[in-house]
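Chains as they are written, first to last, in my numbering: chain A, -15 to 287; chain B, -15 to 287; chain C, -15 to 287; chain D, -15 to 287. Yeah, the Cβ is synthetic: ideal placement off N, Cα and C, and Gly gets one too. Okay, structure first, notes after.
Have a look at this one:
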């Protein structure tokens, strides 16, 4: 396939929806972003890279970081991890707390905030420096040594982080947080603040397209673990729209409120699309549309 | 591929788990079933049929019926259907009622009981005879004119159906049930009581492998609608184990407490496996294992 | 005390709020009532009767009936009753269903609808005719042989009774309903439809002011049981405003959406006030105000 | 009445249940207490003091402190306080978080932990030193200048305080906490650690028996505010047993997991009873029994 041509065509097709949706506004650093931006990148498993639009512009990766911390912990803990966090979808957000109570402090999956906090907690225990290890990993996989945190965003997250603090303390009350809650929160807020471009992210998620092998060829995850991550992305990766995303796009994907979405075509490539305008469920309007167009044009969807 | 050889091998590999799990016991008619039984069938999109074990033995299809009623309503109502039922996973069963209240009587998806009741209600409105239309459809698609309801099972369901009655009345209070509740329940209990074999079901779900075309070639669903059904099966088809099933099997599937599971390999075949012993989440132990073996042997999983 | 004078003065003091609030509108029979009406009656433990305003006008007693069915069952079952229903307040109405699920089908108290359905169910089992026994009791206690059901209201309740049907089936699924659900519902809807005046109700609740003795002198409840009923009225008798009612009025009371409220001054009298305009929590605006005035004028409140 | 004689008799009557129940064990400092202890004190509105058993032994007042912080804030804020916390019972503890979410961070009443945290937060804002102001107040009202915090208990509370931290952060996310969460928690844990005897507490709650007047004659609360506090004690003061307590004791009361209970007889006296063994709902077994005996012997109950 001529990927560059495909990306060009996708850009043409999504032009009508560019600027639609609302930029995340719960922290000022995100609210200031120009909503009309759009970028998309594709990195093949062999290292080729294609892009279109603002594909070199760094943005706040936010919840996309959860994919990478999950992989880093799974690589070290293996199935023991699943004693502390589930692998199942979680229903509407209203129920997050009651569900956590009903299931005695075990979050439903690693992509809801409670689950991601457990993962960051565990990564801290395993490495002593969750955010540092994450940054090193992303620099290596993206091939971009300047990938870094945004301290303004991290500080903003901390200031508006009461709900995450509540979740962490709640789980700590059940014994499901190992480190002091303020430390866990700090690492978590920093990981969310990472600034990366579509190019960076498309490459960085390549290990999932390569069934667990890093860009260096070294194995991070077993084949089976890579399948676990992909399956969780498909069923839980796009907030309360996983069913809709599965139908329209049909690929394992993970979105963030910064407007980015990564998606995986196993054996072929990692994809990343970015546009800051979000729909009511927190996913990039133009991003979902672009991935929908891409899988329709290529026939590469799962179903 | 030599499908018969594959099925034979799968049977050998699942032998160690045959008889594991617990047979559904909430109604006597199900509790009496011999737990050691196992059958598996595969029907290609071109009409070839393969089977192994007890693949000709009829069993109670239970919730598998929800796939077919969904398709029959979607074919008639199109996207208007999604105003009355969602397409998203639902979290743990404890939350089903509070979720229904929070979302004003709109069930999360067509495969939880509340959603299936809405579908049956709608099929009644559209056809005047939900259960009759369903039986005709399944006879035609399976090529087996003797497919029929089991009146003993249907009566048993009705006798133990208080929770379904509660759900139906609850939704009726929100105006999301069109027909008298007792009528909806009656059709629902009958549809669950349908007795079919693996051979019947593997053929009957072929229209989803053929992107919406019936065995006659006639189109039931548009391509897009067939994708919708498959996506809902993948994300919501196996009760509270959809994430686990996605990872292990990686195919759109739907299970029933009778011990059956249907699964779809788009463009290739419909599959049905049956073994009555259930795991803690209500899915056939040997059934999930068999599908896991099958996709591992063939590499035909989604991820 | 000169009760007549007191009631006259209360009427003067509540005039400014007469007509405030909204008449219950979920069934047409209630929605048609003139909101400007107001009546209040006081029946002493020795049989004297005083009244003011529309105190002789019958209105729909609705949930006030729950006090009487509770007493009739408690008289027969004693403490065994508390195995099927609790005695504790229930929090906001949103939680009624999740609470019922969490507590395995045991309602929190006899005055939420779920609890009242259990009581009616039990009264049916004990007497064979819950509504008939209730009517006889109320005719005897009120001294008014024409107390009767309103078939239009009863039919209306049944037509809009899906939520009560859901509750009853839900509890039946837990084994906490003994009779067929439709029978229980029918008796329940009839009991809610009883039409009585302030005069009737002030006399009819006299047994609670007499620590359990009926108007005939015969004992219905033990002293201790009468205290139980009074305590439940104080803590759970006015929907989600029991705390507010306890502070403002400080008497055991029970309200209904028809706009009536009964209240008990132990050893002295039964009170009933009626005015159809309801506040946001379902209690009569002028009714609560009148009881507030009355206890302030007499200093007869609990606190 | 001969109060001393009454207390002596109550002690005789409760002897059979002394030592029953389980001492609170979530923090070591409480778990070490001898469960066989029992004390009871009565302080009349005129300053007379009576006592029996271990009535001079200090114990951890825990949640009884919530009565005093409520009064101190209500005295300063008046009805404005009710914008930040409700006055209604809250149902079973399982629902505390979902209720808080449903009601947008406004706790149901000042005696559940969430509500007490709001009160402490407000007292901090109003006085700059919530715990210090509370200690001064209790020293003055009890007439015991040595009333003080127990630093071991306070530290223990902090160590096991994740659930309270979760509640505070959760409400802070809704804007219903004004001060930094760690500060609020610190003051809260200190206030719970106050060590006082039955004699101290019986006197200290006298202002509620005097309709708001302090021991000095100075008015703390208006008559109406004192009624508000009493009403909340009656409907919400004994965890999930308020209905039971209202029936058995029939007085405004507040219990703590240290085994203490204060109760108010308006116009007459403040009562305090203490015995460390708790029932399943967290109230002192012998304490409730003693108050039950006392009101039965004196006929002073509400009902």
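- With a contact defined as Cβ atoms closer than 8 Å, residue 187 (chain B) and residue 27 (chain B) qualify at about 4 Å.
- In this structure residue 10 (chain A) is exposed. Its beta-carbon is surrounded by fewer than 16 other beta-carbon atoms within 10 angstroms.
- Of all residues in the region 141 to 153 of chain B, only 146, 147, 149, 150 and 153 come within less than 7 Å of chain C when Cβ atoms are compared, listed by chain position.
- Chain B has no Cβ within less than 8 Å of the Cβ of residue 72 (chain C).
- Where residue 217 (chain C) is concerned, the enclosing alpha helix (DSSP H) starts and stops at 207 to 220.
- Counting C-beta pairs with one atom in each stretch, the region 30 to 42 of chain A and the region 176 to 194 of chain A have three or more that are closer than 8 Å, which means they touch.
- Minimum Cα-Cα distance from residue 242 (chain C) among the listed residues C:3, C:7 and C:58 corresponds to C:7.
- Of the other Cβ atoms in all chains shown, 16 or more fall within 10 Å of the Cβ of residue -6 (chain A); this residue is therefore buried.
- Going by DSSP, residue 41 (chain D) is part of no alpha helix (DSSP H) at all; its letter is neither H nor E.
- Around the Cβ of residue 224 (chain D), a 10 Å sphere holds 16 or more other Cβ atoms; the residue is buried.
- Cβ neighbours of residue 17 (chain B) within its own chain (closer than 6 Å, five residues either side excluded): 7 and 260.
- Relative to residue 254 (chain A), the option among A:115, A:231, A:194 and A:271 whose CA is nearest is A:194.
- By the Cβ criterion, the region 221 to 241 of chain C is in contact with the region 270 to 285 of chain C, since at least three pairs of Cβ atoms, one from each stretch, lie closer than 8 Å.
- At least one beta carbon of chain D lies nearer than 8 Å to the beta carbon of residue 218 (chain C).
- For the region 217 to 247 of chain C, the set of positions with a beta-carbon nearer than 8 Å to some beta-carbon of chain D reads 218, 219, 220, 224, 225, 226, 227, 228, 230, 231, 234 and 236 in chain order.
- 8 Å or more divides the Cβ of residue 113 (chain D) from the Cβ of residue 177 (chain D).
- Considering only A:164, A:30, A:-9 and A:155, the residue with the shortest C-alpha distance to residue 22 (chain A) is A:-9.
- Within the region 7 to 39 of chain A, no residue has a Cβ lying closer than 9 Å to any Cβ of chain B.
- Residue range 237 to 239 is occupied by the beta strand (DSSP E) that includes residue 238 (chain C), with no alpha helix (DSSP H) assigned at that position.
- Secondary structure in the region 2 to 29 of chain C: the alpha helix (DSSP H) runs of 4 residues or longer, each lying completely within the stretch, are 12 to 15 in chain order.
- At least one C-beta of chain A is nearer than 8 Å to the C-beta of residue 211 (chain B).
- Residue 194 (chain A) is outside the set of residues whose beta carbon lies under 8 Å from a beta carbon in chain B.
- Chain D has no Cβ within less than 8 Å of the Cβ of residue 75 (chain A).
- Under the Cβ criterion of 8 Å, residue 117 (chain D) is not counted among the residues facing chain A.
- Around residue 156 (chain A), the beta-carbon contacts reaching into chain D at under 7 Å are 146.
- Within the DSSP secondary-structure output, residue 34 (chain B) pairs in a beta bridge with B:26.
- For residue 92 (chain B), the closest Cβ of chain A is nearer than 8 Å.
- Judged by pairs of C-beta atoms under 8 Å, the region 83 to 90 of chain A does not touch the region 135 to 147 of chain A, as fewer than three such pairs exist.
- Collapsing the DSSP output to three states places residue 105 (chain A) in a helix.
- Boundaries of the alpha helix (DSSP H) around residue 281 (chain C): 269 to 282.
- Rounded to the nearest angstrom, the gap between the Cα atoms of residue 69 (chain A) and residue 111 (chain C) is 53 Å.
- Taking a 10 Å sphere around the C-beta of residue 155 (chain D), we find 16 or more other C-beta atoms and assign the residue as buried.
- Within 9 Å of the CB of residue 102 (chain D), no CB atom of chain A is found; the nearest one sits about 14 Å away.
- Annotation: residue 189 (chain B) is outside any alpha helix (DSSP H) and is labelled neither H nor E by DSSP.
- DSSP places residue 232 (chain B) within a helical segment (H, G or I) once states are collapsed to three.
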